[in-house]
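Visitor:
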Amino acid sequence: MNITICAVGKLKRKYWLAAAEEYQKRLGKYARLSSIEIKDSKNTNGADARIREDESARLLQRISPSSLIIALDKSGTPFSSDGLADFLHQKALRGQSDLTFCIGGPLGFSGAFLQKAERILSFSPMTFPHELARVMLLEQLYRAFTILNGEKYHK
216 MNITICAVGK LKRKYWLAAA EEYQKRLGKY ARLSSIEIKD SKNTNGADAR IREDESARLL
276 QRISPSSLII ALDKSGTPFS SDGLADFLHQ KALRGQSDLT FCIGGPLGFS GAFLQKAERI
336 LSFSPMTFPH ELARVMLLEQ LYRAFTILNG EKYHK
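In this text, residue positions in the sequence shown follow our numbering: the first is 216, and each later residue adds one.
1) Spatial neighbours of LYS368 within its chain, please: C-beta separation below 7 Å, excluding the five flanking residues on both sides.
2) Distance check for GLY365 and LEU226, CA to CA, integer angstroms please.
3) Hey, how far is the Cα of SER296 from the Cα of GLY261?
4) What would DSSP say about ARG247, mapped onto helix, strand or coil?
5) Determine the DSSP secondary structure at LEU336, reduced to helix, strand or coil.
6) Go ahead and pull the three-state DSSP assignment for ILE278.
7) Considering only residues of the same chain and omitting the five flanking positions on each side of SER312, which have a CB-CB separation below 8 Å?
8) Smallest Cα separation from LEU232: which of GLU354, VAL350, GLN355?
9) Is the separation between the beta-carbon of SER250 and that of ILE220 shorter than 8 Å?
10) Under three-state DSSP, which class holds THR361?
11) Flag this pair as yes or no: are the beta carbons of GLU270 and VAL223 separated by less than 8 Å?
12) Excluding the 5 residues flanking ILE333 on each side, which residues of the same chain have their C-beta closer than 7 Å to its C-beta?
13) Using DSSP with H/G/I as helix, E/B as strand and the rest coil, what is ALA222?
14) How many Å lie between HIS304 and LEU242 at the Cα?
15) Less than 8 Å between the CB atoms is what I'm expecting for PRO340 and LYS289, so what's the real figure, rounded?
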């Protein structure tokens, strides 16, 4: 399976980088993983919609047209760890092995971007820093693959 993590913003702090690198290394056993980062737009007063449109358009430019888009957004459907594992399994069974998980900027995605998404996934109705969301996504992907392989990581 090919998994791309497409995110607005970069991991800057050492502890986020270390956590992300650890889960990326672990995921390498199960999937080909790649990352795309785009620079976040500067927030100017009253320009929220424009920023969402700009960041979303730049994300779409970087995503392979053949890849299924899964957007992480607080308005999305919550998945359990088992539910995410089942989602990945179903995609693999259908031959849909090119998935792109997208993490938006602080203002989220444009409506047009969300309409292009195959699935909108929510970790919580709470808002998280994008660095934490990325590490959580990597950990949950790793957990999902261990569930699918009957390994002891998930309890």
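Just so it is clear, CB atoms sit at the ideal spot from N, CA and C, and this is done for glycine as well. Computed from a prediction, not measured in an experiment: that's the story for all the values here.
Guide: Answer, in terms of the structure:
1) Here residue 368 is taken as the residue at index 153 of the sequence shown, counted from 1. Here the sequence assigns Tyr to residue 368, which means Lys is not the residue at that position. A distance below 7 Å between beta-carbons, with the five flanking residues on each side excluded, links TYR368 to the following residues of its chain, in chain order: ARG358, THR361.
2) One-based indexing of the sequence shown puts residue 226 at position 11. One-based indexing of the sequence shown puts residue 365 at position 150. In this structure, the straight-line span from the alpha carbon of LEU226 to that of GLY365 is close to 31 Å.
3) The residue given as residue 296 occupies position 81 in the sequence shown. The residue given as residue 261 occupies position 46 in the sequence shown. Roughly 38 Å between the two C-alpha positions.
4) The count along the sequence shown starts at 1 and reaches residue 247 at position 32. DSSP, reduced to helix, strand and coil, places ARG247 within a strand of the structure shown.
5) Position 121 of the sequence shown, counted from the start, is the residue given in the question as residue 336. In this structure, LEU336 counts as strand in the three-state DSSP scheme.
6) Reading the sequence shown from its first residue, position 63 is the one you call residue 278. Assignment of ILE278 by DSSP, reduced to helix, strand and coil, places it in the coil class.
7) As a working mapping, residue 312 is identified with position 97 in the sequence shown. Taken in chain order, the residues that qualify are MET216, ASN217, LYS306.
8) Here residue 232 refers to the residue found at position 17 when the sequence shown is read from its first residue. Among GLU354, VAL350, GLN355, the Cα nearest to that of LEU232 belongs to VAL350.
9) Here residue 250 corresponds to residue number 35 of the sequence shown, with the count starting at 1. Here residue 220 corresponds to residue number 5 of the sequence shown, with the count starting at 1. Taking a C-beta distance under 8 Å as the contact criterion, SER250 and ILE220 qualify as a contact pair.
10) Here residue 361 refers to the residue found at position 146 when the sequence shown is read from its first residue. Looking at THR361 - three-state DSSP - the assignment turns out to be helix.
11) Your numbering for residue 270 matches position 55 in the sequence shown. Your numbering for residue 223 matches position 8 in the sequence shown. The answer is yes: Cβ separation under 8 Å.
12) As a position in the sequence shown, residue 333 is number 118, starting the count at 1. Ile is not the amino acid found at residue 333; the sequence shown has Glu there. Closer than 7 Å at Cβ, skipping near neighbours: LEU283, ILE284, ILE285.
13) Taking the sequence shown and counting its residues from 1, one reaches residue 222 at position 7. ALA222 falls in the strand class under three-state DSSP.
14) Counting from 1 along the sequence shown, the entry for residue 304 is found at position 89. Counting from 1 along the sequence shown, the entry for residue 242 is found at position 27. In a straight line, the C-alpha of HIS304 is about 15 Å away from that of LEU242.
15) Translated into the one-based positions of the sequence shown, residue 340 becomes position 125. Translated into the one-based positions of the sequence shown, residue 289 becomes position 74. The C-beta distance from PRO340 to LYS289 rounds to 5 Å, short enough to meet the 8 Å contact threshold.
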